[in-house]
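Student: Here it is: the structure, laid out below.
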Amino acid sequence: MALSFSIMKRLKKILLRLAIALVGLLIVAAVAVKIASEPLPEGVSGAEADALAHRMLKSLNHETYLSTDVIYFSFSGHHYTWSKAENRVEVRWSSHRVLLELDDLSRSVVYTDQTQLASEERAKRIDQAVSYFYNDSYWLVAPFKLFDPGVSRKLVRIEGENDALLVTHSSGGVTPGDSYLWLLDQSDRPIAFKMWVSIIPIGGLRASWEDYIQSETGVYFATSHKMGPLTLFVRDVNTETRKSD
1 MALSFSIMKR LKKILLRLAI ALVGLLIVAA VAVKIASEPL PEGVSGAEAD
51 ALAHRMLKSL NHETYLSTDV IYFSFSGHHY TWSKAENRVE VRWSSHRVLL
101 ELDDLSRSVV YTDQTQLASE ERAKRIDQAV SYFYNDSYWL VAPFKLFDPG
151 VSRKLVRIEG ENDALLVTHS SGGVTPGDSY LWLLDQSDRP IAFKMWVSII
201 PIGGLRASWE DYIQSETGVY FATSHKMGPL TLFVRDVNTE TRKSD
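Residue numbering for the sequence shown follows the numbering used here, beginning at 1 and increasing consecutively.
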């Protein structure tokens with residue numbers, strides 16, 4: 001009994017030390033996040049901000065993007081055929097293939113191992129495909145969403161650098177409320193953005209927009225994004241405009 005009591009006492013001490021260490025680590029992590037984070041910059045909305053946004057779009061051939069019907073790309077093991085003109089997208093990953101009807105998700109069709117699903121599994125795969133699509137496509141077409149419904153634009157002056165464009169998404173996608181500060185080169189083409197987003201605790205985390213390609217229809221897309229030691233690649237990018245009969 002004495003031995004058991006002694007063991008229990010030691011265990012309590014060990015657990016107490018572990019709890020103290022864990023709290024200490026959490027405090028250190030919170031301080032580190034606060035130090036690494038940048039405050040959301042203030043900007044000015046209005047004609048100048050909108051003019052900068054239009055110049056940014058022009059640098060990427062936005063008019064051609066608008067007339068592009070289909071966009072193909074791959075990101076993080078997910079493969080897309082996005083029929084932009086029809087608001088449909090085919091999402092493929094692993095053994096799954098989801099035909100998303102973005103205007104009415106209930107009409108979407110799901111295949112796993114080439115077998116069509118009609119169950120709770122179907123709903124799960126649709127939710128996955130929607131989440132994948134909104135996240136992955138943002139890394140390709142975010143610059144073209146500056147004037148989407150629910151998006152606000154502000155001009156941000158940065159001493160010694162080109163003017164930047166702060167955009168905030170109050171609706172749309174899967175994480176509304178996120179803000180991005182677009183950093184531009186001399187031709188107003190995006191070279192990076194800084195993020196204030198709900199899924200990342202560090203405010204102002206920078207991701208580059210580089211390795212631009214010009215697609216078949218003439219649209220310019222960035223195909224790599226560096227965030228510290230991590231690089232995200234958008235692969236197999238191309239576009240198509242379908243000729244009407």
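Every residue, glycine too, gets a C-beta built ideally from N, C-alpha and C.
Using 8 Å for Cβ pairs, my map puts W139 next to V234. What's the rounded Cβ distance?
Tutor: That pair is a contact at about 6 Å.
Student: Expressed to the nearest angstrom, what Euclidean distance is found between the alpha-carbon atoms of Q214 and L183?
Tutor: Their backbone Cα atoms lie some 20 Å apart in a straight line.
Student: If V130 and L99 are in contact, beta carbons under 8 Å, what's the gap, nearest whole angstrom?
Tutor: So it is not a contact: roughly 12 Å between Cβ atoms.
Student: Roughly how far, in whole angstroms, is the beta-carbon of F221 from the beta-carbon of A207, given that I think they are within contact range, below 8 Å?
Tutor: The Cβ separation is near 15 Å, so there is no contact.
Student: E38 to M195, Cα distance in whole Å?
Tutor: If I take the Cα positions, the gap works out to 10 Å.
Student: Where in the stretch 189 to 227 do unbroken runs of the beta strand (DSSP E), each at least 3 residues long, occur, reported from the N-terminal end onward?
Tutor: DSSP runs (the beta strand (DSSP E)) wholly in the stretch 189 to 227: 190 to 196, 205 to 208, 210 to 214 and 220 to 227.
Student: Which value, in whole angstroms, describes the spacing of the CA atoms of F144 and S137?
Tutor: Cα to Cα, F144 sits roughly 11 Å from S137.
Student: Excluding the 5 residues flanking M56 on each side, which residues of the same chain have their C-beta closer than 8 Å to its C-beta?
Tutor: So the qualifying residues of the chain are P143, L146, L165, W182, L184, D188, R189 and P190.
Student: What's the call for S179, buried or exposed, on a 16-neighbour Cβ count within 10 Å?
Tutor: Buried, since its Cβ has 16 or more Cβ neighbours within 10 Å.
Student: List the residues that DSSP assigns as beta-bridge partners of F73.
Tutor: Y80.
Student: Indicate the three-state DSSP secondary structure (helix, strand or coil) for L66 in the structure shown.
Tutor: Correct three-state label for L66: helix.
Student: Just the C-alpha distance for N61 and T68, rounded to the nearest angstrom, thanks.
Tutor: About 11 Å.
Student: DSSP beta-bridge partners for Q116?
Tutor: Q116 is bridged to Y111.
Student: Can you list, in chain order, the residues of its chain with a C-beta nearer than 6 Å to that of K226? Leave out the 5 residues immediately preceding and following it.
Tutor: So the list reads S208, once near-sequence residues are dropped.
Student: Return the CA-CA distance between S224 and L230, expressed in angstroms with no decimal places.
Tutor: About 10 Å.
Student: Taking buried to mean at least 16 other C-beta atoms within 10 Å of its own C-beta, is V91 buried or exposed?
Tutor: Result: buried.
Student: Is R97 helix, strand or coil when you go by DSSP?
Tutor: In this structure, R97 counts as strand in the three-state DSSP scheme.
Student: Go ahead and label T239 buried or exposed: buried means 16 or more other beta carbons lie within 10 angstroms of its beta carbon, across all protein chains shown.
Tutor: When all chains shown are included, T239 counts as buried.
Student: Per DSSP, T168 is paired with what?
Tutor: DSSP lists S152 and S179 as partners of T168.
Student: Straight-line CA distance for I35 to N87?
Tutor: Because I35 carries a pLDDT of 43, less than 50, the predicted location of this residue cannot be relied on, and no value is offered for it.
Student: When the Cα atoms are used, what is the spatial distance from D104 to W93?
Tutor: Whole-angstrom Cα-Cα distance: 22 Å.
Student: So the candidates are E121, E63, G160 and S74; which of them puts its Cα closest to the Cα of Y134?
Tutor: Measuring from the Cα of Y134, the nearest candidate turns out to be S74.
Student: Based on the DSSP secondary-structure assignment, which residues constitute the bridge partners of L184?
Tutor: Note: L184 sits in a beta bridge opposite P190.
Student: Flag this pair as yes or no: are the beta carbons of V219 and Y65 separated by less than 7 Å?
Tutor: In this structure, Y65 lies closer than 7 Å to V219 by Cβ.
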